[in-house]
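Heads up, the sequence shown is in our numbering, so the first residue is 1136 and it goes up one at a time.
This report refers to the structure that appears directly beneath it.
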Amino acid sequence: MLSSYQKGLSPFGMLAAVCLFALLLVSALKLVPHYIDFNTLKTVYQDIGKRPDTQNMSPNDIFDSISRALSINSVRGFNIADSTIISRETGQLQIGLDYEVREHLFANIDVVLTFYYMPE
């Protein structure tokens, strides 16, 4: 008669599970804030694009409006001039967003996050 009972996780299996959990936790703690910032940026760009007075603004005035909104929302270290897309091709002003963030995870491993938003 074979006795088959559950022995549980081996020490090597437990170590692997703990390492995997730690990797996922570190990755989440470093990457999730960038997604939160992107959602904040997207909301700011949508709000500014919907304002009727924005249609006649110069690009510098639009950058100033975005800068004020970002300082109110505590978004720091964002280069507005390099990341903002201003389009008047359809006769309507469209303000979009295109940027990337490089985040160092650990050792020599970096992650590049690319974000793009353009209203329809």
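Glycine is no exception: its CB is placed at the ideal position from the N, C-alpha and C atoms.
**Request:** Run through the segment 1214-1248 for me and flag every whole alpha helix (DSSP H) of 4 or more residues, listed as ranges in chain order.
**Result:** Within the segment 1214-1248, the complete alpha helix (DSSP H) runs of at least 4 residues are 1215-1218.
**Prompt:** Where does tyrosine 1251 fall in DSSP's three states?
**Reply:** By one-based count along the sequence shown, residue 1251 stands at place 116. For tyrosine 1251, the three-state secondary structure derived from DSSP is strand.
**Asked** What's the C-alpha gap between arginine 1186 and leucine 1205?
**Response** On the sequence shown, residue 1186 is found 51 positions in, with the first residue counted as 1. On the sequence shown, residue 1205 is found 70 positions in, with the first residue counted as 1. Their Cα atoms are separated by approximately 16 Å.
**Request:** Please go through the same chain and pick out, in chain order, the residues whose beta-carbon is closer than 7 Å to the beta-carbon of valine 1179, but skip the five residues on each side of it.
**Result:** Locating residue 1179 in the sequence shown gives position 44, counting from the first residue. Closer than 7 Å at the Cβ level, and outside the excluded window around valine 1179, lie Ile1201, Ala1204, Leu1205, Asn1208.
**Request:** Have a look at Leu1160, Leu1166, Pro1194 and flag the residue whose alpha-carbon is nearest the alpha-carbon of valine 1247.
**Result:** Sequence index remark: in the sequence shown, residue 1247 carries index 112 (1-based). The option with the nearest alpha carbon to valine 1247 is Leu1166.
**Asked** Would aspartate 1172 be called buried (16 or more neighbouring beta carbons within 10 Å of its own) or exposed?
**Response** As a first step, residue 1172 must be located in the sequence shown, where it is residue number 37. The residue is buried, with at least 16 neighbouring Cβ atoms inside 10 Å.
**Asked** Between leucine 1228 and threonine 1189, which are expected to be in contact by the criterion C-beta below 8 Å, what is the C-beta distance as a whole number of angstroms?
**Response** Position 93 of the sequence shown, counting from 1, holds the residue named residue 1228. Position 54 of the sequence shown, counting from 1, holds the residue named residue 1189. The Cβ separation is near 6 Å, so the contact holds.
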